[in-house]
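S.K.: Numbering (numbering that gives the first Met the number 0), first residue to last: 0 to 211. Where is the CB? At the ideal position from N, CA and C, for every residue including glycine. Fair warning: this is a prediction, and the values are worked out from it, not measured in the lab. One structure, as C-alpha coordinates, below. Some questions next.
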Amino acid sequence: MKKSIIRGLFSFATLLMLIVSSYQANAQAVCNPIVIDKSGNEVTTATFCEDEQIQFKANSPGYTSTSVLWDFGFMGQTSDKADVQRAYSQAGVYTVTFTGVGPAGNCNKTLTITIEESPDIDIELIDPDFQCFEGNNFCFVDKSTATTGSTIVGRTRIFSDGFKDTTGTDTFCHSTQDPSGGFFDLFIQLEDANGCVSETTISDYFYVTPKL
(Lines of atoms letter the chains of each structure in order from A and count residues from 1; the text may use other names and numbers.)
(Lines give C-alpha, C1' and ligand atoms only; values in the text may rest on other atoms or scores of the structure.)
Protein backbone atom coordinates (compact mmCIF):
# COMPACT_ATOMS: atom_id res chain seq x y z
CA MET A 1 0.00 0.00 0.00
CA LYS A 2 2.80 2.40 0.95
CA LYS A 3 4.68 1.55 -2.26
CA SER A 4 1.58 2.34 -4.31
CA ILE A 5 1.20 5.67 -2.56
CA ILE A 6 4.89 6.47 -3.08
CA ARG A 7 4.69 5.53 -6.75
CA GLY A 8 1.59 7.68 -7.10
CA LEU A 9 3.27 10.64 -5.44
CA PHE A 10 6.36 10.18 -7.63
CA SER A 11 4.27 10.08 -10.78
CA PHE A 12 2.36 13.18 -9.70
CA ALA A 13 5.60 15.03 -8.90
CA THR A 14 7.07 14.06 -12.26
CA LEU A 15 3.95 15.25 -14.06
CA LEU A 16 4.00 18.48 -12.09
CA MET A 17 7.65 19.08 -13.01
CA LEU A 18 6.88 18.48 -16.68
CA ILE A 19 3.98 20.92 -16.51
CA VAL A 20 6.15 23.55 -14.79
CA SER A 21 9.00 23.02 -17.29
CA SER A 22 6.59 23.34 -20.20
CA TYR A 23 5.09 26.50 -18.70
CA GLN A 24 8.54 28.02 -18.18
CA ALA A 25 9.58 27.16 -21.74
CA ASN A 26 6.43 28.72 -23.16
CA ALA A 27 6.81 31.75 -20.89
CA GLN A 28 10.28 32.36 -22.36
CA ALA A 29 9.17 31.74 -25.94
CA VAL A 30 9.14 34.77 -28.23
CA CYS A 31 7.92 35.04 -31.82
CA ASN A 32 10.01 37.96 -33.05
CA PRO A 33 11.90 37.54 -36.36
CA ILE A 34 13.98 40.60 -37.25
CA VAL A 35 16.24 42.16 -39.87
CA ILE A 36 19.40 44.14 -39.07
CA ASP A 37 19.21 47.62 -40.62
CA LYS A 38 22.15 49.70 -41.88
CA SER A 39 22.67 51.17 -38.41
CA GLY A 40 22.81 47.74 -36.77
CA ASN A 41 19.35 47.97 -35.21
CA GLU A 42 16.99 44.99 -34.95
CA VAL A 43 13.85 46.04 -36.82
CA THR A 44 10.93 44.66 -38.82
CA THR A 45 11.03 47.26 -41.61
CA ALA A 46 14.21 48.47 -43.32
CA THR A 47 15.63 49.95 -46.53
CA PHE A 48 18.68 48.68 -48.43
CA CYS A 49 20.34 48.93 -51.86
CA GLU A 50 20.37 46.54 -54.78
CA ASP A 51 22.82 43.63 -54.24
CA GLU A 52 23.47 44.64 -50.63
CA GLN A 53 23.80 41.73 -48.17
CA ILE A 54 20.93 41.75 -45.66
CA GLN A 55 21.01 39.85 -42.36
CA PHE A 56 17.83 38.15 -41.16
CA LYS A 57 17.48 36.53 -37.70
CA ALA A 58 14.77 34.18 -36.42
CA ASN A 59 15.14 35.62 -32.90
CA SER A 60 12.25 33.38 -31.79
CA PRO A 61 13.21 30.99 -28.95
CA GLY A 62 10.65 28.23 -28.52
CA TYR A 63 9.57 28.39 -32.15
CA THR A 64 12.56 27.12 -34.15
CA SER A 65 13.64 23.68 -32.87
CA THR A 66 11.32 21.70 -35.18
CA SER A 67 11.49 23.71 -38.40
CA VAL A 68 12.28 27.13 -39.84
CA LEU A 69 11.32 28.63 -43.20
CA TRP A 70 12.10 32.06 -44.61
CA ASP A 71 10.30 33.12 -47.79
CA PHE A 72 12.03 36.23 -49.14
CA GLY A 73 9.25 37.16 -51.57
CA PHE A 74 11.69 37.29 -54.49
CA MET A 75 11.99 34.76 -57.31
CA GLY A 76 10.94 31.88 -55.05
CA GLN A 77 14.01 32.20 -52.81
CA THR A 78 13.71 30.51 -49.40
CA SER A 79 15.93 29.30 -46.55
CA ASP A 80 15.57 26.83 -43.67
CA LYS A 81 18.33 28.46 -41.59
CA ALA A 82 17.43 30.40 -38.45
CA ASP A 83 19.89 33.20 -39.28
CA VAL A 84 20.58 33.93 -42.93
CA GLN A 85 21.87 36.60 -45.33
CA ARG A 86 20.21 37.53 -48.59
CA ALA A 87 20.59 40.16 -51.33
CA TYR A 88 18.02 41.53 -53.78
CA SER A 89 19.12 42.32 -57.34
CA GLN A 90 16.02 44.36 -58.22
CA ALA A 91 14.60 47.49 -56.61
CA GLY A 92 11.14 47.23 -55.05
CA VAL A 93 9.22 46.52 -51.85
CA TYR A 94 9.32 42.92 -50.63
CA THR A 95 7.37 41.06 -47.96
CA VAL A 96 9.53 38.51 -46.15
CA THR A 97 7.59 35.74 -44.38
CA PHE A 98 9.03 33.83 -41.42
CA THR A 99 7.52 30.53 -40.25
CA GLY A 100 8.93 28.70 -37.23
CA VAL A 101 7.71 25.60 -35.40
CA GLY A 102 8.79 24.46 -31.93
CA PRO A 103 7.58 23.46 -28.44
CA ALA A 104 5.79 26.80 -28.08
CA GLY A 105 3.78 26.22 -31.26
CA ASN A 106 3.82 28.05 -34.60
CA CYS A 107 5.35 31.46 -35.28
CA ASN A 108 4.23 33.27 -38.44
CA LYS A 109 5.28 36.87 -39.03
CA THR A 110 6.30 39.16 -41.90
CA LEU A 111 9.00 41.77 -42.42
CA THR A 112 9.00 44.56 -45.01
CA ILE A 113 12.14 45.21 -47.05
CA THR A 114 12.51 48.18 -49.42
CA ILE A 115 15.28 47.97 -52.02
CA GLU A 116 16.55 51.23 -53.51
CA GLU A 117 17.81 51.32 -57.09
CA SER A 118 21.57 51.79 -57.48
CA PRO A 119 22.96 54.51 -59.79
CA ASP A 120 22.88 53.84 -63.53
CA ILE A 121 26.38 54.09 -65.02
CA ASP A 122 26.53 55.74 -68.45
CA ILE A 123 29.96 56.85 -69.71
CA GLU A 124 30.63 58.00 -73.29
CA LEU A 125 34.05 58.39 -74.94
CA ILE A 126 33.82 61.47 -77.18
CA ASP A 127 37.28 61.17 -78.80
CA PRO A 128 38.60 58.50 -81.20
CA ASP A 129 39.30 55.28 -79.31
CA PHE A 130 42.53 54.69 -81.31
CA GLN A 131 45.29 57.31 -80.97
CA CYS A 132 49.06 57.67 -81.33
CA PHE A 133 51.10 58.00 -78.15
CA GLU A 134 52.29 61.52 -78.96
CA GLY A 135 49.56 63.94 -77.98
CA ASN A 136 47.03 61.29 -77.00
CA ASN A 137 44.03 62.68 -75.17
CA PHE A 138 40.80 60.88 -74.38
CA CYS A 139 37.79 62.80 -73.10
CA PHE A 140 34.65 61.30 -71.62
CA VAL A 141 31.16 62.48 -70.71
CA ASP A 142 29.55 61.02 -67.60
CA LYS A 143 25.79 60.78 -68.19
CA SER A 144 25.19 58.56 -65.17
CA THR A 145 22.03 59.11 -63.14
CA ALA A 146 20.75 58.32 -59.67
CA THR A 147 17.32 56.95 -58.87
CA THR A 148 14.40 59.41 -58.59
CA GLY A 149 14.69 61.50 -55.45
CA SER A 150 18.42 60.89 -55.04
CA THR A 151 21.64 62.38 -56.40
CA ILE A 152 25.12 61.09 -57.19
CA VAL A 153 27.46 62.20 -54.40
CA GLY A 154 30.64 60.29 -55.23
CA ARG A 155 32.48 59.35 -58.44
CA THR A 156 35.59 57.17 -58.71
CA ARG A 157 37.30 56.66 -62.09
CA ILE A 158 40.52 54.66 -62.37
CA PHE A 159 42.33 53.88 -65.62
CA SER A 160 44.34 50.68 -66.00
CA ASP A 161 47.59 52.67 -66.30
CA GLY A 162 47.07 53.71 -62.67
CA PHE A 163 45.68 57.21 -63.21
CA LYS A 164 42.77 58.14 -60.93
CA ASP A 165 40.46 60.98 -61.91
CA THR A 166 39.42 63.02 -58.87
CA THR A 167 37.61 65.91 -60.56
CA GLY A 168 34.12 64.50 -59.99
CA THR A 169 32.94 66.49 -63.00
CA ASP A 170 30.61 65.30 -65.75
CA THR A 171 33.36 65.72 -68.36
CA PHE A 172 36.87 64.41 -67.75
CA CYS A 173 39.95 63.69 -69.87
CA HIS A 174 43.04 61.53 -69.66
CA SER A 175 46.38 61.38 -71.49
CA THR A 176 48.29 58.18 -70.81
CA GLN A 177 52.02 58.43 -70.11
CA ASP A 178 52.65 54.70 -70.50
CA PRO A 179 55.16 54.44 -73.40
CA SER A 180 54.30 50.79 -74.03
CA GLY A 181 50.80 51.77 -75.17
CA GLY A 182 48.18 49.12 -75.80
CA PHE A 183 44.58 48.74 -74.70
CA PHE A 184 43.40 50.49 -71.53
CA ASP A 185 40.49 49.77 -69.20
CA LEU A 186 38.37 52.17 -67.18
CA PHE A 187 36.96 51.30 -63.74
CA ILE A 188 33.97 53.38 -62.61
CA GLN A 189 32.28 53.52 -59.22
CA LEU A 190 29.31 55.72 -58.30
CA GLU A 191 27.64 56.35 -54.95
CA ASP A 192 24.32 58.14 -54.47
CA ALA A 193 22.77 59.97 -51.53
CA ASN A 194 21.07 56.76 -50.35
CA GLY A 195 24.46 55.11 -49.94
CA CYS A 196 23.85 52.83 -52.92
CA VAL A 197 26.92 51.97 -55.00
CA SER A 198 27.32 50.83 -58.61
CA GLU A 199 30.59 49.85 -60.24
CA THR A 200 31.80 48.44 -63.53
CA THR A 201 34.97 47.99 -65.57
CA ILE A 202 34.96 48.84 -69.28
CA SER A 203 37.67 46.58 -70.70
CA ASP A 204 39.85 47.55 -73.68
CA TYR A 205 38.06 50.91 -73.82
CA PHE A 206 40.68 52.67 -75.94
CA TYR A 207 44.03 51.99 -77.61
CA VAL A 208 47.30 53.92 -77.72
CA THR A 209 50.14 53.00 -80.08
CA PRO A 210 53.53 52.40 -78.41
CA LYS A 211 55.89 55.36 -78.15
CA LEU A 212 58.33 55.47 -81.06
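Could you tell me the alpha carbon to alpha carbon distance between glutamine 76 and threonine 98, rounded to whole angstroms?
M.R.: Locating residue 76 in the sequence shown gives position 77, counting from the first residue. Locating residue 98 in the sequence shown gives position 99, counting from the first residue. If I take the Cα positions, the gap works out to 14 Å.
S.K.: What are the boundary residues of the beta strand (DSSP E) that alanine 45 is part of?
M.R.: What you label residue 45 is simply residue 46 of the sequence shown in a count that begins at 1. Note, alanine 45: beta strand (DSSP E), 44-48.
S.K.: Quick one: Cα of threonine 208 to Cα of serine 197, how far?
M.R.: Position 209 of the sequence shown, counted from the start, is the residue given in the question as residue 208. Position 198 of the sequence shown, counted from the start, is the residue given in the question as residue 197. If you take the alpha carbons of threonine 208 and serine 197, they lie about 31 Å apart.
S.K.: What are the complete alpha helix (DSSP H) segments, minimum 4 residues, inside the region 71-154?
M.R.: The region 71-154 contains no whole alpha helix (DSSP H) run of 4 or more residues.
S.K.: If you draw a straight line from the alpha carbon of tyrosine 87 to that of isoleucine 201, how long is it in whole angstroms?
M.R.: Your numbering for residue 87 matches position 88 in the sequence shown. Your numbering for residue 201 matches position 202 in the sequence shown. Taking the straight line from one Cα to the other gives about 24 Å.
S.K.: May I ask you to verify whether the region 133-144 touches the region 162-178, counting CB pairs closer than 8 Å and requiring at least 3?
M.R.: Verdict: yes, contact present.
S.K.: To which residues of the same chain is glutamate 130 closer than 8 Å at the C-beta, ignoring the five residues directly before and after it?
M.R.: Taking the first residue of the sequence shown as 1, we reach residue 130 at position 131. Before going on, a small fix: residue 130 reads as glutamine here, not glutamate. Asn136, Phe137, Phe205, Tyr206, Val207, Thr208, listed in sequence order.
S.K.: Residue range of the beta strand (DSSP E) that valine 196 falls in?
M.R.: For the purposes of this step, residue 196 is identified with residue 197 of the sequence shown, where counting begins at 1. From DSSP, the beta strand (DSSP E) with valine 196 extends over 196-207.
S.K.: Kindly indicate which three-state DSSP category glutamine 52 falls into: helix, strand or coil?
M.R.: In the sequence shown, counting from the first residue as 1, residue 52 sits at position 53. Glutamine 52 falls in the coil class under three-state DSSP.
S.K.: Which residues does DSSP pair with threonine 170 in a beta bridge?
M.R.: Within the sequence shown, numbered from 1, the residue matching residue 170 stands at position 171. The partner list for threonine 170 (beta bridge, DSSP) reads Val140.
S.K.: Select from Gly148, Thr168, Asp160 the residue whose C-alpha is nearest the C-alpha of aspartate 141.
M.R.: Looking up residue 141 in the sequence shown gives position 142. With distances taken between Cα atoms, aspartate 141 lies closest to Thr168.
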